[in-house]
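Novice: Chains as they are written, first to last, in the UniProt record's numbering: chain P, 1 to 113; chain E, 1 to 114; chain Y, 1 to 237.
A virtual CB, placed ideally from N, CA and C, is assigned to each residue, including glycine.
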Amino acid sequence: MLTLRLYMLQRITALLMAPLVLGHLAVMIYAVQGGLSAAEILGRTQGSVLWFVFYGLFVVAVAVHGAIGVRAILAEWGGVRGRVLEGAMWLIGLGLFALGARAVWAVTFGGLT
Amino acid sequence: MKAVINRAHPLWLAHVLHRLSGLALALFLPLHFWVLSLALTDPARLDGFLALTDQTVVKLAEYGLVFLLAVHMFGGLRVMAMEFLPWTAPQKTLAAMASALSFLIATLFFLQAL
Amino acid sequence: MSMSTLAVTIERSAGGQTTFKVPAHDNQTVLDVVSWVQQNADPTLSYRFACRVGMCGSCAMMVNGVPRWTCRTHISKVLEGNAVTIGPLRNLPIIKDLAVDMDPFFDKWVAAEGVHHGALTRNDPIADIDESSAARVTANAGIECINCSVCYAACDTVTGNDAYLGPAALQRAWTLLNDAKDEGRVAILDAVSGVGGCHNCHSMGSCTHLCPNDLDPMTAIAGLKRETAKTVWKRGR
Chain P
1 MLTLRLYMLQ
11 RITALLMAPL
21 VLGHLAVMIY
31 AVQGGLSAAE
41 ILGRTQGSVL
51 WFVFYGLFVV
61 AVAVHGAIGV
71 RAILAEWGGV
81 RGRVLEGAMW
91 LIGLGLFALG
101 ARAVWAVTFG
111 GLT
Chain E
1 MKAVINRAHP
11 LWLAHVLHRL
21 SGLALALFLP
31 LHFWVLSLAL
41 TDPARLDGFL
51 ALTDQTVVKL
61 AEYGLVFLLA
71 VHMFGGLRVM
81 AMEFLPWTAP
91 QKTLAAMASA
101 LSFLIATLFF
111 LQAL
Chain Y
1 MSMSTLAVTI
11 ERSAGGQTTF
21 KVPAHDNQTV
31 LDVVSWVQQN
41 ADPTLSYRFA
51 CRVGMCGSCA
61 MMVNGVPRWT
71 CRTHISKVLE
81 GNAVTIGPLR
91 NLPIIKDLAV
101 DMDPFFDKWV
111 AAEGVHHGAL
121 TRNDPIADID
131 ESSAARVTAN
141 AGIECINCSV
151 CYAACDTVTG
161 NDAYLGPAAL
171 QRAWTLLNDA
181 KDEGRVAILD
191 AVSGVGGCHN
201 CHSMGSCTHL
211 CPNDLDPMTA
221 IAGLKRETAK
231 TVWKRGR
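(1) Does DSSP put P/Glu40 in a helix, in a strand, or in coil?
(2) Any beta carbon from chain P within less than 7 Å of residue 115 of chain E's own beta carbon?
(3) At a CB-CB cut-off below 7 Å, which residues of chain Y make contact with P/Trp90?
(4) Under 8 Å: do the region 14-25 of chain P and the region 59-66 of chain P share three or more Cβ pairs, one atom per stretch?
(5) Given 8 Å as the limit, is there contact between the region 39-58 of chain Y and the region 180-197 of chain Y, that is, 3 or more CB pairs closer than that?
(6) For Y/His199 and chain P, any beta-carbon pair shorter than 7 Å?
(7) Please classify E/Arg45 as buried or exposed, where buried requires at least 16 other C-beta atoms within 10 Å of its C-beta.
(8) In terms of alpha-carbon separation, which member of E/Val71, E/Ala106, E/Ala39 lies closest to E/His15?
(9) Compare the C-beta of P/Gly110 with all C-beta atoms of chain Y and state if any pair is closer than 7 Å.
(10) Quick one: Cα of P/Ala67 to Cα of P/Gly93, how far?
(11) From Y/Met1 to Y/Leu79, what distance separates their C-alpha atoms?
(12) In the structure shown, what three-state DSSP assignment does P/Gln33 receive?
(13) Run down chain Y in chain order and give the residues with a C-beta less than 9 Å from the C-beta of E/Leu11.
(14) Mind the definition here: the region 99-115 of chain Y touches the region 159-178 of chain Y only if three or more C-beta pairs lie below 8 Å; say whether that holds.
(15) Here's the rule I'm using: 16 or more other beta-carbon atoms within 10 Å means buried, otherwise exposed. How should Y/Asp182 be labelled?
(16) Can you give me the start and stop residues for the beta strand (DSSP E) that Y/Gly118 sits inside?
(17) With DSSP run on the structure shown, which of helix, strand or coil describes Y/Glu131?
(18) Helix, strand or coil: how does DSSP classify Y/Met62 here?
(19) Does DSSP classify Y/Gly54 as helix, strand or coil?
(20) For Y/Ile10, I'd like the list of residues in its chain whose CB is within less than 6 Å of its CB, leaving aside the five on either flank, ordered along the chain.
(21) Going along the region 4-22 of chain P in order, which residues come within less than 9 Å of chain E, judged by CB to CB distance?
(22) Tell me, please, which residues DSSP counts as bridged to Y/Leu6.
(23) Should E/Ser21 go down as buried or exposed, given a rule of 16 or more other Cβ atoms within 10 Å for buried?
(24) If you reduce the DSSP assignment to three classes, tell me which class Y/Asp192 lands in.
(25) Check each residue of the region 53-77 of chain Y: if its Cβ is closer than 8 Å to any Cβ of chain E, include it; give the result in chain order.
(26) Looking at the unbroken alpha helix (DSSP H) that takes in Y/Gly81, where does it start and where does it end?
(27) Looking only at DSSP bridge pairs, what is Y/Cys68 linked to?
(28) Check whether chain E comes within 7 Å of P/Ile37, counting only Cβ atoms and requiring the distance to be less than that.
(29) With burial defined as no fewer than 16 other Cβ atoms inside 10 Å of the residue's Cβ, what is the status of Y/Thr44: buried or exposed?
(30) Run through chain E and tell me which residues come within less than 7 Å of P/Ile73, C-beta to C-beta.
(31) How about the region 38-52 of chain E and the region 35-47 of chain P: do they share at least three Cβ pairs that are nearer than 8 Å?
(32) Find out if the Cβ-Cβ distance for the pair P/Ile73, E/Phe109 is shorter than 7 Å.
(33) Anything in chain Y within Cβ reach of P/Leu99, meaning under 8 Å, just list it in chain order.
(34) List, in chain order, every chain E residue whose beta-carbon is nearer than 8 Å to that of P/Arg102.
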């Protein structure tokens with residue numbers, strides 16, 4: 001159920017995310033020392049264009065990547081086909097993007113100020 | 001079920017691990033995003049959630065998530081190396097290295113979080 | 001040695017399984033065991049074989065859930081205790097008992113453009129082929145396929161996606177793509193880029209793991225992925 005175009009999107013987003021995941025893992029390992037707090041997270045991310053771009057890119061890539069990945073699972077393990085499959089893929093992709101974009105917006109421009 | 005076990009082999013297991021870790025991450029992400037969005041709507045509640053992360057059970061769950069993320073990334077890099085690079089023979093070694101590295105990173109995370 | 005018996009369970013298309021007691025011998029293939037059942041215990045048992053020496057590709061069956069060429073699989077290799085379960089190949093429609101309909105397998109072979117695309121006529125001189133060229137070496141790696149469908153039955157992607165062309169057909173497409181005598185490049189790349197194309201492969205490698213001729217369809221499919229990916233950049237999309 002994967003065409004060349006979906007395959008390329010899947011691989012391109014994967015390559016894009018490899019350094020982002022490493023960065024994210026590094027931040028997590030660093031950030032959890034001494035416990036997590038909202039103030040600590042927001043202190044790092046608020047108003048920072050760099051973090052906005054970093055996690056903004058991450059959200060776009062993960063929405064595309066996750067939607068295509070779950071599509072393959074729905075098709076192969078769930079037997080979903082045709083329009084339902086296309087619809088599910090778009091729903092998952094747009095849903096992940098919307099939730100992710102809201103989260104990035106929240107930690108960059110929202111919150112405690 | 002017995003037939004599936006009989007057919008199993010290292011690369012097949014690597015594929016199943018990659019698929020399950022990806023699915024688990026896709027299911028976790030909406031929750032993750034929602035919690036972070038609380039920074040916008042309800043900062044006090046965000047702190048409440050983050051306070052949860054001090055508990056051992058939640059720490060173990062986080063350990064699992066970090067492992068899933070690491071294993072999915074290294075597993076994916078393994079697949080792409082196999083697809084795009086000319087060297088293909090040491091596939092099983094790559095698969096083993098991917099899981100080992102993932103465990104390493106997740107354990108590092110766990111130790112830091114203690 | 002040959003006094004003992006084997007418990008051979010065979011899956012029947014009428015539903016259910018039948019277990020037969022088969023005399024054990026030192027030298028005995030899975031196909032020998034199935035043949036003994038058909039000749040001595042149940043003449044209604046249907047199965048398929050021809051050459052008995054691993055050339056024709058017609059005797060593949062599921063043995064304890066694993067697809068194998070039964071004529072070249074020694075029974076001692078697959079026995080669990082003294083028992084073995086034999087069923088029809090996975091991922092193909094069953095005709096009767098152990099005989100499956102191979103049409104989908106061969107239809108996909110053609111759908112993957114696994115046919116010769118010639119440009120020369122009988123009046124042209126025979127083109128020289130450099131046996132040591134990289135492309136020829138790549139093509140040679142996949143040409144010993146006997147169409148036994150073991151890889152097709154091994155592949156979980158085929159199980160989950162009836163449109164998927166499968167390892168054997170895609171490997172054939174890859175050998176033709178690397179064959180200097182074949183002119184079907186555009187047709188092949190198009191054929192392996194559709195909904196059932198090479199991009200569905202998840203590199204789980206059961207095809208390569210179980211190919212009785214030690215071929216490597218997974219790597220061949222990876223080659224198709226690379227070649228089709230290149231066309232994306234060339235077309236600018």
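Specialist: By the coordinates alone:
(1) helix
(2) A query on residue 115 of chain E cannot be resolved here, the shown segment of chain E reaching from 1 to 114 and no further.
(3) Residues of chain Y passing the Cβ test: none, with the nearest at roughly 17 Å.
(4) yes
(5) no
(6) yes
(7) exposed
(8) E/Val71
(9) no
(10) 5 Å
(11) Reliability fails at Y/Met1, whose pLDDT of 44 lies under 50, so the model's placement of it is uncertain and the value that follows must be treated cautiously. So the alpha carbons of these two residues sit roughly 16 Å apart.
(12) coil
(13) Ser203, Met204, Gly205, Ser206, Thr208, His209, Met218
(14) yes
(15) buried
(16) It is not in any beta strand (DSSP E) - Y/Gly118 carries neither H nor E in the DSSP assignment.
(17) coil
(18) strand
(19) coil
(20) Thr18, Ile86
(21) Arg11, Ala14, Leu15, Met17, Ala18, Val21, Leu22
(22) Y/Val22
(23) buried
(24) One detail in the question is off: residue 192 of chain Y reads as Val in this sequence, not Asp. Of the three classes helix, strand and coil, the one that applies to Y/Val192 here is coil, per DSSP.
(25) Met62, Asn64, Gly65, Val66
(26) Element bounds for Y/Gly81: n/a, residue is neither H nor E.
(27) The sequence given here has Arg at residue 68 of chain Y, not Cys. DSSP output for Y/Arg68 lists Y/Met61 as bridge partner(s).
(28) It should be pointed out that residue 37 of chain P corresponds to Ser in this sequence rather than to Ile. Yes, P/Ser37 counts as interfacial toward chain E.
(29) exposed
(30) Arg19, Leu23
(31) yes
(32) no
(33) None at all; the shortest Cβ gap to chain Y is about 27 Å.
(34) Phe33, Ser37, Leu40
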